[in-house]
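Structure first, then comments.
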Amino acid sequence: MAEWMEQFGNPSSVHSFGRAAAGALENAREQLRAATGLRSYRVVFTSGGTEANHLALHRFARLPPEGNRRRILLSAIEHPCVGKQAAWFRAAGFQVELIPVDSGGVIDLQWTLARLDTTVAAVAVMLANNETGVIQPVEEIARACAEINAHLHCDAVQAIGKMNVQWEELGADSISLSAHKFHGPRGVGALFYRSKPLAIFVGGAQETGIRAGTENVAGALAMTEALRLALEEAPETLPHQRLLRNRLEATLRTDISGLSVAGRGSPRLVNTSCLVLPEIDSDEAVMRLDRLGFAVSSGAACHAGVWEPSAVLLAMGLDHDRARRAIRVSIGRDTTTAQIDAFAEKLVSLCKLARNPATPLKPATTGAGH
Ligand code: PLP
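Residue numbers 93 to 462, in my numbering, belong to the letters of the sequence shown in order.
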């Protein structure tokens, strides 16, 4: 990234600097396809997951239904950058149906399959949920969508780099990703697609006309390298994260009575733990943990600052009170056992304090953050 921040070539310029940038960008595109094995897909670079998710579904927000394909199915636990597009789909003339999830956070597959027929234009089901880490049966949905010729979009923003996937076999028509979820830079992402998406931005002919505007060359190259490394290192980093996640949950479930882990019995990403605390509100827990040097989030990090109970947890059947007491802990590639143990100790103290305000909090230890 540093190298390409120094080079000023605009990929649209015909001079040698421009051609070098264009070549590097095409090379990155090819490497993304090679790293994921998504050989039959094309790649468009975007500003992140939000834009990729919009681009994938934009035609349903802008163009009226074709023939009797008037229905769009969205899982009830999609990230808001997918879920909130429902209003646009309705305005364009579609009927939007929300796919329910069970108490473990998995979409109801039978419900969905029973509703898929040739009146369906598009379906969106994420691969792994951002709040619970619960993995969704995308492959089965993709097979059914292929039979009826409906577009299946899969938001893989949380999943990519954090689970083993045969991406080609997943069978989605479009797949989105975002670099900052796998140690790449913030503000860059990509969409893998099979049929050409409808452009959101018009103007220049960049990205074969799908996304007008000068490309973020350094960001795209950095994302590509970050993904290559994440996938290459996954056989080492994923078991490490699973071990720490299990260690954390085992300790907390023993030491904090009444604590539960949302989606614990379902297939989950190895790094995500959605803890429903017994007595302490999530915003207070997040603030207190922050003061102790630990960065966790309440609900989805993307919505931090605007507090409302998590729609994902409500969809899983939690009441408002419990949904308000959930924090999300994400374990990283570089997280250590000592950090996990220090975190568990502090969280146990916080919960004891909430239960019995006379119990003093232990002073924060330094250097055991995040
Ligand atoms: N989709 C999911 C599942 C996410 O978790 C996020 C962000 O956290 C996004 C989409 C949006 O990605 P970005 O912030 O790169 O726009």
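Cβ coordinates follow ideal geometry from the N, Cα and C atoms, glycine included.
message: Please state the DSSP three-state secondary structure of residue 227.
response: strand
task: Express the C-alpha separation of residue 130 and residue 180 in angstroms, rounding to a whole number.
output: 30 Å
Residue 422: CB within 8 Å of a non-hydrogen atom of ligand 1: No.
task: Can you say whether residue 152 is buried or exposed, counting buried as having 16 or more other CB atoms within 10 angstroms of its CB?
output: buried
task: Check whether the segment 219-231 touches the segment 339-352, taking contact to mean three or more Cβ pairs, one atom from each stretch, closer than 8 Å.
output: no
message: Using 8 Å for Cβ pairs, my map puts residue 243 next to residue 213. What's the rounded Cβ distance?
response: 7 Å
Given residue 371 as reference, the closest of 205, 441, 98, 251 once Cα atoms are compared: Of all alpha-carbon atoms in 205, 441, 98, 251, the one lying nearest the alpha-carbon of residue 371 is that of 441.
- prompt: Which same chain residues, not among the five before or five after residue 311, have their C-beta less than 6 Å away from its C-beta?
  reply: 277, 280
- prompt: By Cβ distance, which residues of its chain are closer than 6 Å to residue 98, with the 5 residues on each side in sequence left out?
  reply: none
field: Assumed close pair residue 270, residue 148 - CB separation to whole angstroms, cut-off 8 Å
entry: Actually they do not touch by this definition, with Cβ atoms about 13 Å apart.
- prompt: From residue 237 to residue 101, what does the alpha carbon distance come to, in whole angstroms?
  reply: Their backbone Cα atoms lie some 42 Å apart in a straight line.
Three-way DSSP call (helix, strand, coil) for residue 293 in this model: In the displayed model, residue 293 falls within coil according to three-state DSSP, outside both helix and strand.
- request: Would you kindly work out how many angstroms separate the C-alpha atoms of residue 418 and residue 219, rounded to a whole number?
  value: 21 Å
Own chain partners of residue 401 with C-beta closer than 6 Å, once the 5 adjacent residues on each side are dropped: 412, 415, 416
message: Less than 8 Å separating the Cβ of residue 142 from some heavy atom of ligand 1?
response: Under cutoff, so the answer is yes.
message: According to DSSP, is residue 364 part of a helix, a strand, or is it coil?
response: strand
- prompt: Can you tell me the Cα-Cα spacing of residue 112 and residue 253, whole angstroms?
  reply: 29 Å
- request: Would you check if the distance between the CB atom of residue 375 and the CB atom of residue 436 is smaller than 9 Å?
  value: no
field: Backbone CA spacing between residue 283 and residue 313 [nearest angstrom]
entry: 15 Å
- prompt: For the candidate residues 364, 309, 320, whose alpha-carbon lies nearest to that of residue 335?
  reply: 364
- prompt: Any heavy atom of ligand 1 closer than 8 Å to the CB of residue 379?
  reply: no
message: For residue 317 and residue 126, what's the separation of their Cα atoms in angstroms?
response: 12 Å
task: Determine which residues share a DSSP beta bridge with residue 246 and list them.
output: 267
message: Are there any heavy atoms of ligand 1 lying less than 8 Å away from the beta-carbon of residue 268, as far as the coordinates show?
response: yes
message: Let's test the definition: count the other Cβ atoms within 10 Å of the Cβ of residue 459 and tell me whether it reaches 16, buried, or not, exposed.
response: Its pLDDT being 42, under 50, residue 459 is placed unreliably in this model, and the coordinates cannot settle the point.
query: Going by C-alpha distance, which of 206, 329, 143 is nearest residue 428?
result: 329
message: Suppose contacts are defined by Cβ-Cβ distances below 9 Å. Is residue 141 in contact with residue 268 by that definition?
response: yes
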